[in-house]
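Note that the protein sequences, when read in sequence, are chains A and Y. Mapping the first sequence onto the working numbering, position 87 (from 1) lands on 87, and the numbers just tick up by one. Mapping the second sequence onto the working numbering, position 34 (from 1) lands on 34, and the numbers just tick up by one. Accompanying notes for the structure given below.
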Amino acid sequence: MRLLPTCPCFLGASLLVCVTLPLAAGGGANASQSRPAEINVTHVPVVTVKWHHVETSYLVALWILVAGVAKMSVAQLNSKLKSFFPESALLIISGFILGGIVWGADKAQTFKLVPRNFFYFLLPQIILDTGYFMPNKLFFSNLGAILVHAVIGTCWNAAAVGISLWGCYLGGAMGNLQIGLLQFLLFGSLLAAVDPVAVIAVFEEVHVNEVLFIWVFGESLLNDGVTVVLYNVFDAFVSLGGEKINAGEIIKGIVSFFVVAFGGSLIGVVFAILISLLTKYTGKVQIIEAGFIFVLGYLSYLTAEMLSLSAILSVTFCGVCCQKYVNANMDEKSVTAVRYAMKVFANGSETMIFVFLGVTAIDTDIWVWNTGFILLTLLFVLVYRFMGVFFLTWILNRYRLVPIELIDQIVMSFGGLRGAVAYGLAASLDETRIKEKNLMITTTLIVVYFTVILQGLTMKPLVKWLKVKRVSPTELKLIEKVNNRAFEHILAAMEDISGRIGDNWWTRGWKRFEDTYITWFLMKPEARKNRDYLFSIFHKLNLEDAINYVTEAEKRGSLAFLNQTDVFVFLYFVFCSYRQDTVPSVSLNIHEHEMKRMNEDFNAHHLLQQHLYRSRKNYSRSNFSINQSEDEVQEIFQRTMRSRLESFKSAKMGVTPAKKITKHPKKDPNHKVRILSEMKRLHNPSVRTSSGVENPAFMPEMDTPPPPWVTEAEADTSVAPSQGAQRYLPWSPRNLHRLAPLRISDRSTDSFLMADAPATEESSEESPQQPSQRDGTHM
Amino acid sequence: MGSTNSTLSKIPNAGDLMQETGFSPAHIVRLYDRYKALDKDKKGHLCPQDFGAIKELAMNPISDRIIGAFFSSGQEVLDFPSFVRILAHFRPVDKNRPKDPNSPEHINSRSNKLKFIFQLYDQDKDGKISRQELLQVLRTMLEKQVTEEQLESIADRTIQEADLDRDDAISFDEFRKSMEKVNIEHKMSIRFLR
């Protein structure tokens, strides 16, 4: 077992914890008595241990470290063990070990999962993460089913478990307890909710099909609305006492459900709007715009909590609603930063929650054993979950396009995991009013362990055994997306023809509303222009291609496998991608069989050496700082590339490239446009001005004889363009320049539009000039 | 239900239609009412202008193709059975319906749904979607936001993904293969036509 490397770390960390414990205990005691000012200073202290200054922060940091190390050691385990146990279960077990160590040292559990810490510091980021990465389309199209399960299912669970337990209590199965119906109902309500953290942790490793996943997952998020209401209502009822409950109170309870649920969601939406608006204007402070998401997300949680509304719903909807606008408005770097930071926080929190769930168990204070109560609770929780799911799904299937199969329903019932939220609610019970609090905590812990460990353990084998439809990792395919778009239109048309309002009517109406008003309000103008979904897919695919080519080149040692036409396109492509993180969207239709042509090897390699590497010799792969003026180097390289491409194309194919001088009307600071105009100017030697940036230092290089292949190509005009080259004619320089300033990022596309305008004017006035004048030596 | 039966008897060949398409009597009656409502001049049949009069349809980018699909093979006249047959393509797939091994596939089978879509793309009916045809479809769907080159790039890439025999066009088999992973039953069905 490869535990060995991390064992020392793990033990060391826990040892550290034990060492600091007496310090903490002692220091805590001292701190309360003596303040620094009271200490009699008899000599000048060289070094003092000021434990009380750093105590809380130190312990917090230490525990985060320990949790992280626990996760590391869990990850190192034997892969066979890992394929059985879900990671959450292993983390709980490491929590047991740690708790044991602490308890052994301290004879009391000093580090418990305090509900306040859990609800305020550990839970929000996990929910924000799930909201931000929620697949919106899937979520909203299944929202009806999710709501049915979340609301009706949870109420059913709470009521059924509570009442059955009460019935069994009356029947004497639990012995003597100081408990009543209301308290049973309260207990039922806190145990009824499916926990999002546990569901994520287990389902993440299982990969069921997306509909099943979104049902369970959506339910676990949205049932918080119900849980909060039920918990608060029954808590109030318990305080009021049984006598004072009348119809008025019950109606207030029902009304409070709507208020809590909708109020929480509304707060989330308000904060989402705030975030989107903020990111619309953070163009100048890109470095901190990522932080706004986290701060505002957390604020939405706290605001809802303050108003006693559903905090989880608030954060969920905040993430769900803002993701689209925020991703469009922010710089790509910020988007990536948010993505990774969010994952770090969420994962870290999840780890800590599970570890602490384990640690908290090792505490003799809370353990009250009552066989009847515990076993019956377990039984009822399981049975009623199955019953609820099957019944509700049967009803829903009558209205669904594609019914949910029995197998999926089994997995759904089995996936009703309880987790830390239930424990948190149990631990925050008031023990003066609820005498059996410890029993409830014990039972909750046992239910949580059972569901997370045992059900988590058996989930994967169950899914495999039942042959549940899994989601296969599909690669992105443009044709599927194109067809999806077509389907939408076709279905919309069919609905119009048959004159009925169908699902598509709502989606269409919403899309139209959103397109005209909401995006105008919340998105940056530049981002609005490039929103087309199909195009972004296309862009993503191109980027993938580019990355593949570079990796391929590195593997083979050179770019020699590309044929000549494509070399230019590719080099231009790669160059621009190094220049800024976007690429012109030139499709690289390079077929495998053409890449293998060997006779261009030498030429391509040579070309590469001359142009790409030389220009870049001033900076390393990872460090892009250039000592020479960056602008100049870029510009000159582009100019060189451009002219080579020109001459090659014109020589080989007799295509007359565009030759128009564009004096851009505006003085545009955009660097790319300057390049563009420079390049255009170059094509017409008669109108050669020196107003562009011409680095005299570079001039001599331009006069050197062109690389051998160019002269070859010119001389050899009888060579017919290759099959591939012919096909790629559309990407001749004439059109290539239009792609130069094309940027698909959220940043400005003004240059693109400006470049476009003159180009379209020009093309009508093009006057062909003799290709023979185009040769490498014109520079 | 009594009114349904009486209206049903007015529709010629209602029984055969139901058998062929799988629509229930209530649906057939509803569709018949709609057919009559679309036929503003009471001609007894539909022509392309009647479809053009539908407001929302006019806003649809591929409306002309869809209308073309109804009026296949150059006819100018659409009778009720053909109307129903086309709409039957969009019925949700019902797994419980007994499949008679000798009868042809149901109209709303996955394969027939795909064929319908294929015919929408393939305007010249040569059994292949050529680059030009794909380009036209893309142009209508992506009208304002992309340039011509980008459209061409997208079209090229789309064909490249699906085209297995490298003839620069997509045949029906290639089309079907590329749509394997897509949930056609869900995406090509309208709920109220069940």
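Even glycine gets a Cβ: it sits at the ideal position worked out from N, Cα and C. Keep in mind it's a predicted model, so treat the numbers as computed, not measured.
Which of helix, strand or coil DSSP assigns to residue i
i: Ser413 of chain A; result: helix
i: Ser171 of chain Y; result: strand
i: Arg339 of chain A; result: helix
i: Arg470 of chain A; result: strand
i: Leu62 of chain A; result: helix
i: Val208 of chain A; result: strand
i: Ile184 of chain Y; result: helix
i: Leu142 of chain Y; result: coil
i: Leu230 of chain A; result: helix
i: Leu177 of chain A; result: coil
i: Leu98 of chain A; result: helix
i: Val315 of chain A; result: helix
i: Leu91 of chain A; result: helix
i: Leu392 of chain A; result: helix
i: Ser585 of chain A; result: Any reading at Ser585 of chain A needs caution, since the residue's pLDDT is 35, under 50, leaving its predicted position unreliable; the model's value is listed next. Coil.
i: Leu445 of chain A; result: helix
i: Leu165 of chain A; result: helix
i: Leu77 of chain A; result: coil
i: Leu401 of chain A; result: coil
Beta-carbon spacing of residue i, residue j below 8 Å
i: Val199 of chain A; j: Gly415 of chain A; result: yes
i: Thr393 of chain A; j: Tyr423 of chain A; result: no
i: Ser189 of chain A; j: Leu221 of chain A; result: no
i: Val389 of chain A; j: Gly218 of chain A; result: no
i: Ile407 of chain A; j: Leu457 of chain A; result: no
i: Trp51 of chain A; j: Phe111 of chain A; result: no
i: Leu90 of chain A; j: Val74 of chain A; result: yes
i: Leu302 of chain A; j: Gly263 of chain A; result: no
i: Phe119 of chain A; j: Leu185 of chain A; result: no
i: Val238 of chain A; j: Leu170 of chain A; result: no
i: Arg176 of chain Y; j: Leu478 of chain A; result: no
i: Trp369 of chain A; j: Thr279 of chain A; result: no
i: Gln178 of chain A; j: Lys437 of chain A; result: no
i: Ile190 of chain Y; j: Phe90 of chain Y; result: yes
i: Arg528 of chain A; j: Thr519 of chain A; result: yes
i: His489 of chain A; j: Asn60 of chain Y; result: yes
i: Arg131 of chain Y; j: Asp94 of chain Y; result: no
8 Å Cβ shell around residue i - same chain, five flanking residues per side excluded
i: Ile214 of chain A; result: Pro135, Leu138, Phe139, Asn142, Ile146
i: Lys481 of chain A; result: Tyr533, Leu534, Ile537
Counterpart residues of residue i in DSSP-defined beta bridges
i: Lys128 of chain Y; result: Y:Ser171
i: Arg191 of chain Y; result: Note: Arg191 of chain Y sits in no beta bridge, so no partner.
i: Leu122 of chain A; result: Its beta-bridge partners do not exist; DSSP assigns none.
i: Leu299 of chain A; result: Per DSSP, none; premise fails for Leu299 of chain A.
Spatial neighbours of residue i in its chain, beta-carbon cut-off 6 Å, leaving aside the 5 residues before and after
i: Phe187 of chain A; result: Met440
i: Leu588 of chain A; result: Low local confidence applies: a pLDDT of 36 at Leu588 of chain A is under 50, so the model's placement there is unreliable, with the coordinate-based value given in what follows. Excluding positions up to five away in sequence, the list reads Asp545.
i: Cys47 of chain Y; result: Glu76
i: Ser428 of chain A; result: Pro115
Proximal residues to residue i (C-beta, below 7 Å), its chain only, five neighbours per side dropped
i: Ser195 of chain A; result: Residue 195 of chain A is actually Asp in this sequence, not Ser. For Asp195 of chain A, where only same-chain residues beyond five positions count, the Cβ hits under 7 Å are Ser220, Leu417, Arg418, Gly419, Ala420, Val421, Ala422.
i: Phe356 of chain A; result: Gly95, Leu113
i: Lys181 of chain Y; result: none
i: Ala304 of chain A; result: Gly264, Ile267, Ser310, Ala311, Ser314
i: Arg508 of chain A; result: Ala492
Candidates the options, of which the one nearest residue i by Cα
i: Lys343 of chain A; options: A:Tyr132, A:Trp520, A:Thr364; result: A:Tyr132
i: Phe118 of chain Y; options: Y:Asp79, Y:Gly52, Y:Ser171, Y:Ser63; result: Y:Ser171
i: Tyr281 of chain A; options: A:Ala328, A:Val102, A:Leu478, A:Lys107; result: A:Ala328
i: Leu299 of chain A; options: A:Met72, A:Ile287, A:Ile312; result: A:Ile312
i: Leu379 of chain A; options: A:Asp129, A:Cys168, A:Tyr58; result: A:Cys168
i: Leu31 of chain Y; options: A:Pro525, A:Asn246, A:Lys540, A:Arg500; result: A:Arg500
i: Ile374 of chain A; options: A:Cys322, A:Tyr449, A:Val320; result: A:Tyr449
i: Lys469 of chain A; options: A:Thr48, A:Lys71, A:Val208; result: A:Val208
i: Ala69 of chain Y; options: Y:Glu161, Y:Pro12, Y:Asp122; result: Y:Asp122
i: Gln109 of chain A; options: A:Val315, A:Leu309, A:Thr360; result: A:Thr360
i: Ile273 of chain A; options: A:Asn232, A:Ile288, A:Phe258, A:Val315; result: A:Val315
i: Cys155 of chain A; options: A:Ile410, A:Met459, A:Arg385, A:Arg398; result: A:Arg385
Interface partners of residue i on chain C, CB under 8 Å
i: Met18 of chain Y; result: Protein chains in the displayed structure are A and Y, and chain C is not among them.
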